[in-house]
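S.K.: Numbering (the numbering used here), first residue to last: 8 to 125.
Cβ coordinates follow ideal geometry from the N, Cα and C atoms, glycine included.
All figures in this text were calculated on a predicted structure; none of them were measured in a lab.
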């Protein structure tokens with residue numbers, strides 16, 4: 008009977024460990040304080056200097072496209088800005104490809120994907 012109690016205690020310990028993430032979350036992440044800004048603090052300072060930091064940005068990215076147009080010499084109407092490469096790739100593929108078209112897809116698309124898998 009003593010061995011069954013120790014098995015139950017071990018199972019209970021393992022369940023608690025799974026519930027709090029101790030078995031799979033990296034230890035340095037467990038030490039982070041909730042609701043505290045992460046470095047660099049310059050990000051918080053920049054947000055504090057913004058006129059309206061908590062509203063959605065311009066979905067057409069007019070300011071960014073104007074700056075890119077000035078830098079590249081292209082007209083801003085020919086510049087497409089989105090939230091990330093995946094969104095742009097998806098949009099371009101939806102505009103160009105027809106159902107049934109074949110493509111070559113290389114995974115991962117960027118080194119960021121490799122880093123996120125660590």
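Suppose you measure from the CA of residue 74 to the CA of residue 66; what does that come to, to the nearest Å?
M.R.: Taking the straight line joining both Cα atoms gives about 16 Å.
S.K.: Among residues of its own chain, excluding the 5 on either side of residue 52, which ones have a beta-carbon nearer than 6 Å to its beta-carbon?
M.R.: Hits under 6 Å: none found.
S.K.: Could you round the C-beta distance between residue 98 and residue 89 to whole angstroms and report it? I think they count as a contact, below 8 Å.
M.R.: Correct: roughly 7 Å between the Cβ atoms.
S.K.: Whole angstroms is fine: what's the gap from residue 61's alpha carbon to residue 83's?
M.R.: So the two alpha carbons sit approximately 26 Å from each other.
S.K.: Taking just the CA atoms, how far does residue 100 sit from residue 107?
M.R.: Looking at the two C-alpha atoms, the distance is approximately 12 Å.
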